[in-house]
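Using this note's numbering, read the sequence shown as starting at 5 and increasing by one per residue. Structure, as structure tokens:
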Amino acid sequence: MAISKRRLGRTGTDVTILSYGAMELRGQPRAPALSDDEAGALLNAVLDAGINLIDTSVDYGTSEELIGKHVGHRRDEYFLASKCGCPLSAPADATPPYQHDYSPANVRADVEQSLRRLGTDRLDLLQVHMSPSRDQLEADDTVATLQGLRDEGKVRFIGMSGILPHLPEHIAMGVFDVFQIPYSAVQREHEDLITAAAAAGAGTLIRGGAARGAPALDKNWRTGPLGLAQGEGQRRWQTAEIDDLLDGMSPMEFTLRFTLSHPALSTTIVGTSNIDHLHGNVSIAEKGPLPADLYEAARERLTPAS
Ligand SMILES: NC(=O)c1ccc[n+]([C@@H]2O[C@H](COP(=O)([O-])OP(=O)(O)OC[C@H]3O[C@@H](n4cnc5c(N)ncnc54)[C@H](OP(=O)(O)O)[C@@H]3O)[C@@H](O)[C@H]2O)c1
Numbered sequence: 005m006a007i008s009k010r011r012l013g014r015t016g017t018d019v020t021i022l023s024y025g026a027m028e029l030r031g032q033p034r035a036p037a038l039s040d041d042e043a044g045a046l047l048n049a050v051l052d053a054g055i056n057l058i059d060t061s062v063d064y065g066t067s068e069e070l071i072g073k074h075v076g077h078r079r080d081e082y083f084l085a086s087k088c089g090c091p092l093s094a095p096a097d098a099t100p101p102y103q104h105d106y107s108p109a110n111v112r113a114d115v116e117q118s119l120r121r122l123g124t125d126r127l128d129l130l131q132v133h134m135s136p137s138r139d140q141l142e143a144d145d146t147v148a149t150l151q152g153l154r155d156e157g158k159v160r161f162i163g164m165s166g167i168l169p170h171l172p173e174h175i176a177m178g179v180f181d182v183f184q185i186p187y188s189a190v191q192r193e194h195e196d197l198i199t200a201a202a203a204a205g206a207g208t209l210i211r212g213g214a215a216r217g218a219p220a221l222d223k224n225w226r227t228g229p230l231g232l233a234q235g236e237g238q239r240r241w242q243t244a245e246i247d248d249l250l251d252g253m254s255p256m257e258f259t260l261r262f263t264l265s266h267p268a269l270s271t272t273i274v275g276t277s278n279i280d281h282l283h284g285n286v287s288i289a290e291k292g293p294l295p296a297d298l299y300e301a302a303r304e305r306l307t308p309a310s
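Below is the structure:
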């Protein structure tokens, strides 16, 4: 069996519905300790499984360098997405979201550093990180900078890692080829905006689609301004009594297939540092979306819970 593919909007590229989010390769203290060999084995296993899109960022510590080192020689096998607006090295004493800078000088410096670290001459997708407002983008002339990089061939497509409240105005700008948006069974705030982005012709990279991995473990639910408050994901899951719908399915299978069931999803960029989790996620993705009646039943239960 193979993971099915969907069109990434107007990029015209067909991407596997499960792709790889490389944030877990950023190194300690914010990600698990992985040896160089383990990182190499994991990245090669991603490609060996047929996954053809990798998402990374300047902000993800050692992630870009590890991708360049271990799968740079397989560059034609994957659509490579990174981000800009980031400090060239993350401030040692800050936790995200820290200050980003969308000026031409910093965006260009980010791209040059990414190309060097990733061992490539082109990014397939350059995404503006951290969802700045349209006013901020205009004040910094960011879109013209992105378009200039595209004209120079350093970047093929431009995108936005967008969330509320600014995502609707990003879609209305009509300049972004792809949007990266959070979505899962317990985080449905952007559900209609994913539909709107796709209706505008853009591709959609869904993040958080594995709901940080383990719905049963409170410590794994993402906290902070980019996600849910501590315990909120678990509260939504329990209030909706999702366990009653599982019928033998693991919470991870349900979670991932719920995400894959969004009709406007192009791909979900699931992060993992664990090769067994990767293989498990591939097997789940091969099953594809949930049966339509189960997806609808779950959405009905989850709506009041959210
Ligand atoms: N602002 C932004 O643009 C932004 C923000 C956040 C993330 N991202 C991107 O989105 C990607 C995914 O986002 P995310 O990390 O927030 O959410 P996610 O993919 O829902 O969750 C990843 C977490 O789930 C765990 N996991 C994955 N598969 C598992 C399995 N089969 N069993 C148990 N645990 C499993 C991983 O831990 P293990 O390592 O133990 O498997 C990891 O901690 C990132 O890698 C990054 O590329 C972008």
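Note that CB positions come from ideal geometry on N, CA and C, so glycine has one too.
C-beta contact flag for residue i and residue j at 8 Å
i: leucine 38; j: serine 310; result: no
i: serine 165; j: valine 190; result: no
i: glycine 212; j: proline 186; result: yes
i: leucine 22; j: isoleucine 71; result: no
i: threonine 124; j: arginine 79; result: yes
i: threonine 146; j: valine 111; result: yes
i: glycine 163; j: leucine 129; result: yes
i: valine 115; j: lysine 73; result: no
i: alanine 268; j: threonine 307; result: no
i: isoleucine 279; j: leucine 46; result: yes
i: leucine 122; j: glycine 65; result: no
i: threonine 17; j: threonine 271; result: no
i: aspartate 181; j: glycine 13; result: yes
i: histidine 194; j: isoleucine 167; result: yes
i: aspartate 144; j: tyrosine 106; result: yes
i: isoleucine 210; j: threonine 259; result: no
i: glycine 275; j: methionine 27; result: yes
i: histidine 170; j: serine 137; result: yes
i: serine 8; j: glycine 292; result: yes
i: methionine 5; j: glutamate 290; result: yes
Integer-rounded CB distance, given that residue j should sit under 8 Å from residue i
i: serine 188; j: alanine 215; result: 4 Å
i: proline 95; j: tyrosine 102; result: 6 Å
i: leucine 84; j: leucine 127; result: 6 Å
i: leucine 29; j: serine 67; result: 4 Å
i: serine 265; j: leucine 294; result: 5 Å
i: serine 118; j: serine 86; result: 5 Å
i: alanine 203; j: phenylalanine 183; result: The Cβ separation is near 12 Å, so there is no contact.
Residue i CB to nearest heavy atom of ligand 2 below 7 Å
i: asparagine 56; result: Ligands in the displayed structure: ligand 1; ligand 2 is not one of them.
C-beta neighbour in chain C for residue i, strict 8 Å
i: asparagine 285; result: Annotation note: the requested chain C is absent from the structure, which comprises a single protein chain.
*Sufficient close CB pairs (3 or more, under 8 Å) joining the segment 232 to 252 to the segment 49 to 65*: no
*Please list the segments of the alpha helix (DSSP H) lying wholly inside the segment 125 to 202, counting only runs of 4 or more residues, in order along the chain.*
138 to 143, 146 to 155, 171 to 177
_Give the list of continuous beta strand (DSSP E) stretches no shorter than 3 residues that lie fully inside the segment 242 to 310._
271 to 275
*Could you tell me whether the segment 44 to 51 touches the segment 297 to 307, where touching means 3 or more Cβ pairs closer than 8 Å?*
no
*Where are the alpha helix (DSSP H) runs, 4 residues long or more, that stay fully inside the segment 83 to 129, in chain order?*
108 to 122
*Let me know the beta strand (DSSP E) ranges lying completely inside the segment 7 to 53, each 3 residues or longer, listed in chain order.*
9 to 11, 18 to 20, 22 to 25
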